[in-house]
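Chains as they are written, first to last, in the working numbering: chain A, 131 to 342; chain B, 53 to 62.
Right under this line is the structure:
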């Protein structure tokens, strides 16, 4: 565990908490893509199946359980409790366009052709693009609430910090996992446009709105 | 080893 990895995990945890609090406090999930949240629930479920087969540390197990539980809690709030506030007219990204290629890629490019390994690879690939329905929704409505921007910034920072962690580990531990690194780069690149808007607008107190 | 690293990272 190095500082980048820890900072990444904290950013990830913060993102998940911000989202749950935003929905809970405002009693509304307006502006949030249920499709992205569904993809994240699939990501955590398929990746953290190793909770049942490998014990690493208390920290590791607790974080995995928290991410799985929070993703299902978010789905529950969006699709059940605050369903009336779910903005499904703007949440129209076709997730099969992500799920089908990601499944094919996981079957073709993996470390080992076993069920758990393919599910892990699938979750890494899916995570890299899971935010697209959310970004699509923001671009479609042309704006995002500040709290939604903070959520997106924290979530995007998490994988960017993991990239620094992998650079550190490559130099100091000789560790290199091309699947995670390439997917992590793709994931971070997808946020670049948003990061730019966040820094130039939201941090200066303005609402995140896109040019028409 | 790398297999253990995989389970360690989140």
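Beta carbons: idealized from backbone N, C-alpha and C, even for Gly. Model, not experiment: these values are computed from the prediction.
Could you give the distance in angstroms between the alpha-carbon of residue i and the alpha-carbon of residue j?
{"i": "residue 271 of chain A", "j": "residue 160 of chain A", "result": "11 Å"}
{"i": "residue 251 of chain A", "j": "residue 166 of chain A", "result": "18 Å"}
{"i": "residue 61 of chain B", "j": "residue 281 of chain A", "result": "21 Å"}
{"i": "residue 153 of chain A", "j": "residue 214 of chain A", "result": "12 Å"}
{"i": "residue 277 of chain A", "j": "residue 205 of chain A", "result": "18 Å"}
{"i": "residue 331 of chain A", "j": "residue 337 of chain A", "result": "7 Å"}
{"i": "residue 203 of chain A", "j": "residue 210 of chain A", "result": "10 Å"}
{"i": "residue 191 of chain A", "j": "residue 285 of chain A", "result": "20 Å"}
{"i": "residue 273 of chain A", "j": "residue 320 of chain A", "result": "17 Å"}
{"i": "residue 311 of chain A", "j": "residue 266 of chain A", "result": "24 Å"}
Which residues of chain B have a Cβ atom closer than 9 Å to the Cβ of residue i, listed in chain order?
{"i": "residue 194 of chain A", "result": "62"}
Alpha helix (DSSP H) containing residue i: first to last residue?
{"i": "residue 278 of chain A", "result": "276–303"}
{"i": "residue 142 of chain A", "result": "133–156"}
{"i": "residue 325 of chain A", "result": "308–330"}
{"i": "residue 194 of chain A", "result": "188–206"}
Using 8 Å for Cβ pairs, my map puts residue i next to residue j. What's the rounded Cβ distance?
{"i": "residue 173 of chain A", "j": "residue 253 of chain A", "result": "5 Å"}
{"i": "residue 220 of chain A", "j": "residue 164 of chain A", "result": "With 8 Å as the limit, residue 220 of chain A and residue 164 of chain A do not qualify as a contact, their Cβ atoms being about 11 Å apart."}
What in chain B is Cβ-close to residue i, meaning under 7 Å?
{"i": "residue 250 of chain A", "result": "58"}
{"i": "residue 240 of chain A", "result": "Per Cβ cutoff of 7 Å: no residues; residue 240 of chain A is ~12 Å from chain B at best."}
Flag this pair as touching only if the region 215–230 of chain A and the region 288–296 of chain A have three or more C-beta atom pairs under 8 Å; answer yes or no.
no
Would you check if there are 3 or more beta carbon pairs closer than 8 Å linking the region 185–199 of chain A to the region 143–154 of chain A?
yes
Inter-stretch contact (C-beta, 8 Å, three-pair minimum) for the region 259–269 of chain A and the region 237–246 of chain A
no
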